[in-house]
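Q: Numbering (my numbering), first residue to last: 29 to 168. For every residue, glycine included, the Cβ atom is placed at its ideal position computed from N, Cα and C. Got a structure for you, written out below as structure tokens; questions coming shortly.
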Amino acid sequence: MSMIHSSRFLRNALAADAAACAATGLLLAAAAEPLSGLLGFPTSFLRGAGLVLLPCAALLAWFCARQTLPRLAVHAVIGINILWVADSIAILVAGWFQPSGLGTAFVLAQAAAVAVITELEVIGLKRSAANSAANAAASL
29 MSMIHSSRFL
39 RNALAADAAA
49 CAATGLLLAA
59 AAEPLSGLLG
69 FPTSFLRGAG
79 LVLLPCAALL
89 AWFCARQTLP
99 RLAVHAVIGI
109 NILWVADSIA
119 ILVAGWFQPS
129 GLGTAFVLAQ
139 AAAVAVITEL
149 EVIGLKRSAA
159 NSAANAAASL
């Protein structure tokens, strides 16, 4: 398994992702009922999304505390985030729900935040890979 030495930049991006997942997950899980009326999404959908985010937050927090990570794990985080952004847009255009204006704004804002964090993780992965390659070359 290919391991990388996790750069501080990558660990910080993963920490930001963990914090965002935890905050959003707690908000959606704990306040699904009142948010349902404001956002125009079913309570069960909001609560389910929140409950999915909580273990993700825990895993990301574990990742950001590690000096070395499997490269595949970071790729998986990036891929899952890309799917989250795509699904967020799909929710708005597919007509599965009838969100309010605030609901649409919420979905777009969180999708944009996930996209930014994902880009930071890509940058962090590139820096980590470069550092790992430099460390490997230096040890020869």
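Excluding sequence positions up to five away, which residues of its chain have a Cβ less than 7 Å from the Cβ of LEU34?
A: To locate residue 34, count along the sequence shown from 1; it is residue 6. Checking the sequence shown, residue 34 turns out to be Ser, not Leu. Closer than 7 Å at the Cβ level, and outside the excluded window around SER34, lie ARG94, GLN95, THR96, LEU97, SER156.
Q: On a Cα-Cα basis, can you pick out the residue from LEU63, ALA47, LEU67, ALA43 that is closest to SER128?
A: Taking the first residue of the sequence shown as 1, we reach residue 128 at position 100. Selected option, being the one with the closest Cα: LEU67.
Q: Check whether the stretch 53-67 and the stretch 113-120 touch, using three or more Cβ-Cβ pairs below 8 Å as the test.
A: The stretch 53-67 vs the stretch 113-120: no contact.
Q: Exposed or buried, which one is GLN147 when buried takes at least 16 other CB atoms within 10 Å?
A: The sequence position of residue 147 within the sequence shown is 119, counting from 1. This sequence places Glu at residue 147; Gln is not what is there. Burial call: exposed.
Q: Taking Cβ to Cβ, would you say LEU42 is nearer than 8 Å to PHE91?
A: Residue 42 sits at position 14 when you count from the first residue of the sequence shown. Residue 91 sits at position 63 when you count from the first residue of the sequence shown. Yes, Cβ-Cβ distance for LEU42 and PHE91 is below 8 Å.
Q: What's the gap between the Cα of GLN138 and the Cα of SER64?
A: The residue given as residue 138 occupies position 110 in the sequence shown. The residue given as residue 64 occupies position 36 in the sequence shown. Whole-angstrom Cα-Cα distance: 16 Å.
Q: Who are the Cβ neighbours of ASP45 in its own chain at under 6 Å, not counting the five residues just before and after it?
A: To locate residue 45, count along the sequence shown from 1; it is residue 17. Answer for ASP45: LEU88, ILE145, listed in chain order.
Q: In terms of residues, what are the limits of the beta strand (DSSP E) holding PRO98?
A: For the purposes of this step, residue 98 is identified with residue 70 of the sequence shown, where counting begins at 1. Its beta strand (DSSP E) spans residues 96-98.
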